[in-house]
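For reference, the structure discussed in these notes is given below.
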Amino acid sequence: MEDLSKYTSLIRLRMGSHDAHYAGDLVDGAKMLNLFGDVATELLIRSDGDEGLFVAYDNVQFMAPVFAGDYIEATGRIVSMGKTSRKMEFEARKVISPAKIAGQVSAADVLAEPVVVCKASGTCVVPADFQRVKR
Numbered sequence: 001m002e003d004l005s006k007y008t009s010l011i012r013l014r015m016g017s018h019d020a021h022y023a024g025d026l027v028d029g030a031k032m033l034n035l036f037g038d039v040a041t042e043l044l045i046r047s048d049g050d051e052g053l054f055v056a057y058d059n060v061q062f063m064a065p066v067f068a069g070d071y072i073e074a075t076g077r078i079v080s081m082g083k084t085s086r087k088m089e090f091e092a093r094k095v096i097s098p099a100k101i102a103g104q105v106s107a108a109d110v111l112a113e114p115v116v117v118c119k120a121s122g123t124c125v126v127p128a129d130f131q132r133v134k135r
């Protein structure tokens with residue numbers, strides 16, 4: 001059986017003011033799903049040599065708010081592989097947040113413990129004819 005632990009990905013990205021969609025600089029939760037899509041693409045390239053297609057999420061949990069200025073780490077891993085399907089799990093964590101100090105708008109804090117803001121799982125497919133890594 002293939003060792004799936006080698007198929008992991010991490011993206012770290014700062015949420016900018018252009019990502020804020022709601023009052024109070026709140027970022028739309030769909031932004032986390034966008035990051036998970038990029039993580040999934042990297043996982044498929046690593047496992048199959050092709051970007052494949054995201055078929056469906058089977059679970060999405062929004063667990064904490066994300067604001068403009070937050071740094072988010074989105075991670076993913078392949079947990080099972082079928083002939084063409086790849087089951088994946090994702091997690092997004094806030095690792096840095098604006099300090100919100102009056103008169104010092106550029107202050108930020110590295111969080112002592114990352115805050116999990118979103119978890120999800122889903123399935124991607126790489127058609128057999130497009131798989132460049134043969135098992």
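Note that UniProt numbering has the sequence shown beginning at 1, numbered continuously upward. C-beta: ideal position from N, C-alpha, C; glycine also. Remember, predicted model here, so these are calculated numbers, not experimental data.
Item                                                                                                                                                                   : Value
Would a C-beta distance cut-off of 8 Å place Val79 and Leu13 closer than the cut-off?                                                                                  : no
Please report the Cβ distance between Gly29 and Ala68, rounded to the nearest whole angstrom; I am assuming they are in contact, meaning their Cβ atoms lie under 8 Å. : Contact doesn't hold; Cβ gap of about 14 Å is too wide.
Please confirm whether Ala112 and Tyr57 have their CB atoms less than 8 Å apart.                                                                                       : no
List in chain order: all unbroken alpha helix (DSSP H) runs of 4+ residues lying wholly within the UniProt domain "Thioesterase" (29-94).                              : 30-48
Please report the distance separating the alpha-carbon of Val116 from that of Arg86.                                                                                   : 24 Å
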